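Visitor: For the sequence shown, the working numbering begins at 8 and goes up steadily by one.
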Amino acid sequence: MWTTSCLAEFISSLRAQDVTPAARKTAKHCLLDLAGAALAGFKTGAATSLRKAGCGLLGPGLATLWFDGRQFPAPAAAMMNSAAASALDVDDG
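(1) Please work out which residues of its chain come closer than 6 Å, Cβ to Cβ, to residue 72, disregarding the five sequence neighbours upstream and downstream, and give them in chain order.
(2) Judging by CA-CA distance, which residue of 62, 78, 17 and 42 is the nearest neighbour of residue 94?
(3) Would you kindly work out how many angstroms separate the C-alpha atoms of residue 51 and residue 66, rounded to a whole number?
(4) Less than 8 Å between the C-beta atoms of residue 45 and residue 91, yes or no?
(5) From what residue to what residue does the alpha helix (DSSP H) around residue 46 run?
(6) Given that a residue counts as buried once 16 or more other Cβ atoms are within 10 Å of its Cβ, and exposed if not, what is residue 17?
(7) Please state the DSSP three-state secondary structure of residue 70.
(8) Just mark residue 74 as buried or exposed, buried being the case when its beta carbon has 16 or more other beta carbons within 10 Å.
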């Protein structure tokens, strides 16, 4: 957990002018790669099964499922979104 806390503290302390144009470009590519991988994996069996299981077990929340719109608690939505993103193992970011 220490590494995560250090990384979060570093990122939250960055100012816009601290991020180089090259870093911005790389971040944009990573986000587009993630979105494409998640869209491609959204209807896979693994991602669909996890969303179905989550619907029955988890209550409402404020975090939105990508390409779906339903809302769940943030940890659950993150798990379901990441399942779609990694379902086809095509995410490079």
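Note that the Cβ used here is the ideal one computed from N, Cα and C, for glycine as well.
Model, not experiment: these values are computed from the prediction.
Guide: From the atom records:
(1) Closer than 6 Å at Cβ, skipping near neighbours: 84 and 87.
(2) Each of 62, 78, 17 and 42 was checked against the Cα of residue 94, and the nearest Cα belongs to 42.
(3) Each residue's alpha carbon lies about 23 Å from the other.
(4) Taking 8 Å as the Cβ cut-off, residue 45 and residue 91 qualify as a contacting pair.
(5) It spans 28-48 - the alpha helix (DSSP H) in which residue 46 sits, taken as one unbroken run.
(6) Exposed, by the Cβ-count rule.
(7) Reduced to three states, the DSSP call for residue 70 is strand.
(8) Residue 74 is classed as exposed because its beta carbon has fewer than 16 other beta carbons within 10 Å across all chains shown.
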